[in-house]
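There are 2 protein chains.
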Amino acid sequence: MAGRFSNGTTFPTETTLCQQYDVSRFTIREALKRLQAEGLIARKRGSGTVVQPAAARGGALHQPLSNVGEILQYARDSKVAYESKGRGPLPTEVAEQTGEDLAGDWTCFRGVRRHPDRRRAIAVTEAYFHERLDDAVETLDLSAGTLFSQIERSSGVRVGKVTQDIQAIAADADIARDLNLDEGDPVLRILRCYYDPTGTIFEISVSFHPGDRFAYSMHIDVEG
Amino acid sequence: MAGRFSNGTTFPTETTLCQQYDVSRFTIREALKRLQAEGLIARKRGSGTVVQPAAARGGALHQPLSNVGEILQYARDSKVAYESKGRGPLPTEVAEQTGEDLAGDWTCFRGVRRHPDRRRAIAVTEAYFHERLDDAVETLDLSAGTLFSQIERSSGVRVGKVTQDIQAIAADADIARDLNLDEGDPVLRILRCYYDPTGTIFEISVSFHPGDRFAYSMHIDVEG
DNA sequence: CAGTGGTCTAGACCACCGG
DNA sequence: CGGTGGTCTAGACCACTGC
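Right under this line is the structure:
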């Protein structure tokens, strides 16, 4: 399925593709669904399938990698002195949001990040590491570098997938205190799950950012 | 499909549901795909289907966006009846955050988006088009298709870059009314700037999402 | 009207997971 | 090993679009 089609031109119909590749209509439709999800084609019943103009897509091809890069980059950017908050099962409010199998104990670290020049905090971050990383966790230097990169180096764990959930919530008492806000003030909450290549979560991080001082921004370049 | 299941419990298997509702496996799978896309269930080959605790948090809707294509897709997916809010310079709160040269007049449209299956609104969107697109803007059909795609077609403008800023803010009176919230409630604000290939912004959109009903989520796979 | 994509049936084989 | 979900076939009927 490597044919090149120009922008705005019509795309072959389902029946055409079925004959051309000698597969069933189901298979063709599954493939077209993916193209549609990526914004590469648009379909309309009765009309047909058309190739989306370049303007309609955002460099969808090399995007996944750059996105992961951005996320990890962001995680590495923090220069925070963490403190250990102990070890145990995952807090229910975190476990509920992920909805995965999160059995076992997790070691929790919590840190407040501040802007170098200013006093006010930019973020409160909590990081949870699964017990199978305990060996690496014990050697952590809480004041040097980022926890993730240390874990990555000393345990050899690799990232297979990252999920990220961004939500606006009201600050609770703890968050309000650390971020110098009032309870109930809007806060950006970013929950990240780091999966290894087998699909098992090995790290979870939750960051809270003050709404008035922080914006999560992404830049997407469109190729050709 | 109105059965109630608790969080974390196992969900009926596909074959069970097929017999129970006397439909084919295809139909069941299509239905389950929707539940999965909303983050309500998680499925694993060999294991089964489990209910996601996502339902526990007030029915917050997961908006899964796995790549940039989907982000743009989602931006123009809206089936919203927009209304024109007039023409003039950009509001200061919008202009300030972009930090670009935004001289000239902009035509503003505003619409409320609802999830197809649900009644409550999940977004208020404001779109601003630069005056150099005025010819295309005047031919806009506010109830048919999406504004962006219409502009794209009639003006021939191309996207060179998209930036996206995500922030948590407190709902003002207007937003609170449209989203069925109280003033001051946390709201997710997504500001997108669309640049042409020369680096000039030609469209800006601002979306407001209710914090309790909407989570911006991205899933990113790392390739080999 | 003929052709499109959307939905659905009734099968089939497979990779994976649990006991 | 049996059962799960993932993938696929070869049909079918429908709503919608364009001519």
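Taken in order, these protein sequences are the chains called E and R.
Residue numbering for the first sequence follows UniProt numbering, beginning at 1 and increasing consecutively.
Residue numbering for the second sequence follows UniProt numbering, beginning at 1 and increasing consecutively.
Backbone N, C-alpha and C define an ideal beta-carbon position, used for all residues, glycine too.
query                                                                                                                                                                                       : result
What does the alpha-carbon distance come out to for the pair R:L140 and R:A31?                                                                                                              : 35 Å
If the cut is a Cβ gap below 9 Å, which residues of chain R does residue 243 of chain E touch?                                                                                              : No statement about residue 243 of chain E is possible, as the shown extent of chain E runs from 1 to 224 and does not include it.
Counting only Cβ pairs nearer than 8 Å, list the residues of chain E close to R:Y216.                                                                                                       : D165, I166 and Q167
I need the straight-line Cα distance from E:R158 to E:D105, nearest angstrom please.                                                                                                        : 20 Å
Express the C-alpha separation of E:A42 and E:Q36 in angstroms, rounding to a whole number.                                                                                                 : 6 Å
On the criterion of 16 or more Cβ atoms from any shown chain inside 10 Å, does R:E138 qualify as buried, or is it exposed?                                                                  : exposed
Give me the DSSP bridge partner(s) of E:R192.                                                                                                                                               : E:Q164 and E:S205
Compute the Euclidean distance between the alpha carbons of R:D178 and R:P186, then round it to the nearest angstrom.                                                                       : 14 Å
Could you work out which residue in E:E83, E:L102 and E:S155 is closest to E:E126 when comparing CA atoms only?                                                                             : E:E83
Going by Cα to Cα distance, which pick from E:L181, E:R110, E:N180 and E:I122 is closest to E:I204?                                                                                         : E:R110
R:I166: which of R:G211, R:G86, R:K33 and R:V23 sits nearest, CA to CA?                                                                                                                     : R:G211
Go to E:E83, then tell me how far its alpha helix (DSSP H) extends in each direction, as first and last residue.                                                                            : Element bounds for E:E83: not the alpha helix (DSSP H) but the beta strand (DSSP E), E83 to G88.
Under 7 Å from any heavy atom of the ligand MN, does the C-beta of R:V23 make it?                                                                                                           : Among the components of this structure there are no ligands whatsoever, and the ligand MN is therefore not found.
Return the Cβ separation of R:Y216 and R:L188 in integer angstroms, given the expectation that the two are a contact with Cβ distance under 8 Å.                                            : 6 Å
Mind checking R:S207: buried by the 16 CB within 10 Å criterion, or exposed?                                                                                                                : buried
How should R:Y21 be labelled, buried or exposed, when 16 other C-beta atoms within 10 angstroms of its C-beta is the threshold for buried?                                                  : exposed
Return the residue from the list E:A121, E:R34, E:F202 and E:A171 that minimises the CA-CA distance to E:E183.                                                                              : E:A171
Identify, in the order they occur along the chain, each residue of the same chain with its Cβ nearer than 6 Å to the Cβ of E:L102, setting aside the five sequence neighbours on each side. : L90 and A95
Please classify R:F129 as buried or exposed, where buried requires at least 16 neighbouring CB atoms within 10 angstroms.                                                                   : buried
Using 8 Å as the threshold, is the C-beta distance between E:T49 and E:T13 below it?                                                                                                        : yes
On a Cα-Cα basis, can you pick out the residue from E:I201, E:R120, E:R153 and E:R132 that is closest to E:I175?                                                                            : E:R120
Mind pulling the chain R residues with CB within less than 8 Å of E:V187?                                                                                                                   : A168 and P186
Look up R:P210 in the DSSP assignment and give the residues it is bridged to.                                                                                                               : R:V187
Is there a C-beta anywhere in chain E that falls below 8 Å from the one on R:S78?                                                                                                           : With a pLDDT of 47 at R:S78, under the threshold of 50, the predicted position of this residue should be treated as unreliable, though the coordinate-derived value follows. Not closer than 8 Å to any Cβ of chain E, the Cβ of R:S78 fails to qualify, so no.
Taking only three categories from DSSP, how would you classify R:V50?                                                                                                                       : strand
Pick from E:V112, E:D134, E:G86 and E:A81: whose alpha carbon is nearest that of E:F202?                                                                                                    : E:D134
Evaluate E:T107 with the Cβ neighbour count: other Cβ atoms within 10 Å of its Cβ, from every protein chain shown; 16 or more gives buried, anything less gives exposed.                    : buried
For E:G211, would you say it is in contact with chain R, using Cβ-to-Cβ distances shorter than 8 Å as the test?                                                                             : yes
Ordered along the chain, which non-local residues of its own chain (more than five positions away) have a Cβ less than 6 Å from that of E:I190?                                             : I166 and S207
Based on the DSSP secondary-structure assignment, which residues constitute the bridge partners of E:C108?                                                                                  : E:Y128
Are R:A136 and R:I122 touching if we call contact CB-CB under 8 Å?                                                                                                                          : no
Nearest CA to the CA of E:S47: which residue from E:T10, E:A81, E:L40 and E:R34?                                                                                                            : E:T10
Taking E:A173 as the reference, which of E:E131, E:R213 and E:V124 has the closest Cα?                                                                                                      : E:V124
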